[in-house]
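What follows is one structure encoded as structure tokens, with my remarks underneath.
In full-length UniProt numbering, the protein residues as written are 1 to 134.
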């Protein structure tokens, strides 16, 4: 698959808006992959993912920010490679609202007593899309 510098086309943007799950791949300290399904929002050329502060994916991103994301449908691949940063507080209101609209979920609310939420912001470096293989 080849690199795409620009934003994906309207068909892919529609899928990013409609599809509920993506697979997030982070790198463990030993170099092995950690893959997990996540809920996501795609806004302002970025993927946004909520997580618990103590999760494996957050611990991995603290050490190695490079990540890959893929939509679930393997027949028509949509894969993004990028760099994740952690937002510990002050979540963008439009992102919180978008999660509420898409999932009926407050991405900023702790899921258990004493836990803390973080928001992953992934800046895409490269898109790998169906039909772009050489």
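Backbone N, C-alpha and C fix where the C-beta goes; we use that ideal spot for every residue, glycine too.
Separation of residue 108 from residue 91, as counted between CA atoms: Along the chain shown, read from residue 1 onward, the residue named residue 91 stands at position 91. Along the chain shown, read from residue 1 onward, the residue named residue 108 stands at position 108. C-alpha separation (whole angstroms): 7 Å.
Range of the contiguous alpha helix (DSSP H) that encloses residue 97: Here residue 97 refers to the residue found at position 97 of the chain shown. Start and end: 93-103.
Spatial neighbours of residue 49 in its chain, beta-carbon cut-off 6 Å, leaving aside the 5 residues before and after: Position 49 of the chain shown holds residue 49. Once the five neighbours on either side are set aside, the close Cβ partners of residue 49 are 38, 40 and 120.
Between the CA atoms of residue 117 and residue 71 - distance to the nearest angstrom: Counting from one through the chain shown, the residue named residue 71 turns up at place 71. Counting from one through the chain shown, the residue named residue 117 turns up at place 117. If I take the Cα positions, the gap works out to 23 Å.
Endpoints, alpha helix (DSSP H) assigned at residue 22: Reading the chain shown from its first residue, position 22 is the one you call residue 22. Not the alpha helix (DSSP H): residue 22 falls in the beta strand (DSSP E), residues 21-27.
Bridge partner(s) assigned by DSSP for residue 36: The sequence position of residue 36 within the chain shown is 36, counting from 1. For residue 36, which the question treats as bridged, DSSP gives the partners 24.
Rounded C-alpha distance that separates residue 52 from residue 25: Numbered from 1 along the chain shown, position 52 holds the residue referred to as residue 52. Numbered from 1 along the chain shown, position 25 holds the residue referred to as residue 25. Near 16 Å, if we compare the C-alpha coordinates of residue 25 and residue 52.
Residue 66 versus residue 60: straight-line alpha-carbon distance, rounded: The residue you call residue 66 lines up with position 66 of the chain shown. The residue you call residue 60 lines up with position 60 of the chain shown. Rounded to the nearest angstrom, the gap between the Cα atoms of residue 66 and residue 60 is 9 Å.
Sub-8 Å separation of residue 43 and residue 98 beta-carbons: Within the chain shown, residue 43 is the residue found at index 43, counting from 1. Within the chain shown, residue 98 is the residue found at index 98, counting from 1. At a Cβ-Cβ threshold of 8 Å, residue 43 and residue 98 count as neighbours.
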